[in-house]
């Protein structure tokens, strides 16, 4: 672990190659982040449960388990922001990682400054989603949103249906849903949903998360009633939202 103040974000680095891990941790330290290096998926999952990190960097090629399984278990047990680090230059793998709840990915070999920029972007996105925008509907002290047949507990990342069934959300899904429920019946651009000014037109991360949310909300992807696509503009959350 680096020696920064404990108030700085904590990032767990899952990487089985010591030289690459040193490069990552050194780059993170240079920008004020605390970091811890772990070499196996099981060690990472245990440490994430103990420390509740702000973000985890996950290498997909591990000695003890597949990195995709690590991402899945993180979101099931210790939801947090996830950046995938991979040598697999395959679009299918990247989309699968996003489907499992990762926030972004970076392909080896990488430029350390780009990795830090991705980390900062993800953390900034979460910080913005945790802070109500001007004109947002949710009073700061209220953390449970009700809409349609759903109850969304923003603190627990849980979605409970009127029939009592509960659906767990990844950190990325919860952050996106929180942005949507705070601005119901308003068109939000992909840049607003990602919390970034400039979004690569080929970046599919928002589209993947929207698709995932629709499935969990039972919103027909072919004719969605709740999260509507406004072609050329973004997405609109078409529901009345109340807070408690």
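Numbering (this note's numbering), first residue to last: 1 to 244. No residue lacks a Cβ here, since even glycine has one placed at the ideal position from N, Cα and C. Quantities reported herein were computed from a predicted structural model and do not represent experimental measurements.
Taking the alpha-carbon of residue i as reference, which of the options has the nearest alpha-carbon?
i, options, result
"residue 21", "39, 10 and 34", "39"
"residue 142", "234, 178 and 51", "178"
"residue 28", "124, 207, 119 and 171", "119"
"residue 219", "94, 238 and 232", "238"
"residue 163", "13, 191 and 149", "149"
"residue 17", "109, 32 and 55", "109"
"residue 193", "159, 236 and 224", "236"
"residue 76", "185, 116, 32 and 166", "166"
"residue 70", "13, 121 and 175", "13"
"residue 112", "36, 42, 31 and 74", "31"
Let's test the definition: count the other Cβ atoms within 10 Å of the Cβ of residue i and tell me whether it reaches 16, buried, or not, exposed.
i, result
"residue 230", "exposed"
"residue 78", "buried"
"residue 91", "exposed"
"residue 215", "exposed"
"residue 46", "exposed"
"residue 221", "exposed"
"residue 49", "exposed"
"residue 187", "exposed"
"residue 270", "For the chain, the structure presents residues 1 to 244; residue 270 sits outside this window and is missing."
"residue 7", "exposed"
"residue 232", "exposed"
Give me, in chain order, the residues of the same chain whose beta-carbon lies closer than 6 Å to that of residue i; leave out the 5 immediate sequence neighbours on both sides.
i, result
"residue 260", "No answer is possible for residue 260: the residues shown for the chain start at 1 and end at 244."
"residue 181", "145 and 241"
"residue 10", "34, 53 and 54"
"residue 15", "21 and 59"
"residue 151", "160"
Measure how close the beta-carbons of residue i and residue j come, nearest whole angstrom, since I'm counting them as under 8 Å.
i, j, result
"residue 80", "residue 53", "6 Å"
"residue 104", "residue 83", "5 Å"
"residue 168", "residue 157", "7 Å"
"residue 96", "residue 68", "6 Å"
"residue 234", "residue 170", "With 8 Å as the limit, residue 234 and residue 170 do not qualify as a contact, their Cβ atoms being about 21 Å apart."
"residue 99", "residue 212", "6 Å"
"residue 125", "residue 175", "7 Å"
Compute every distance between the C-beta of residue i and the non-hydrogen atoms of the ligand FMN, then say whether any falls below 7 Å.
i, result
"residue 101", "As far as ligands go, the structure on display features none, and thus does not contain the ligand FMN."
Within its chain, find whatever has a CB closer than 7 Å to the CB of residue i; leave out the 5 residues flanking it on each side and keep chain order.
i, result
"residue 114", "106"
"residue 147", "181, 239, 240 and 241"
"residue 206", "190, 193 and 194"
"residue 116", "27, 28 and 31"
Excluding the 5 residues flanking residue i on each side, which residues of the same chain have their C-beta closer than 8 Å to its C-beta?
i, result
"residue 227", "180, 210, 213, 214, 217, 219, 235, 236, 237 and 238"
"residue 290", "Because the chain in this structure spans residues 1 to 244, residue 290 falls outside the shown range and cannot be described."
Inter-stretch contact at 8 Å, needing at least 3 Cβ pairs: the stretch 86-104 / the stretch 57-64: yes
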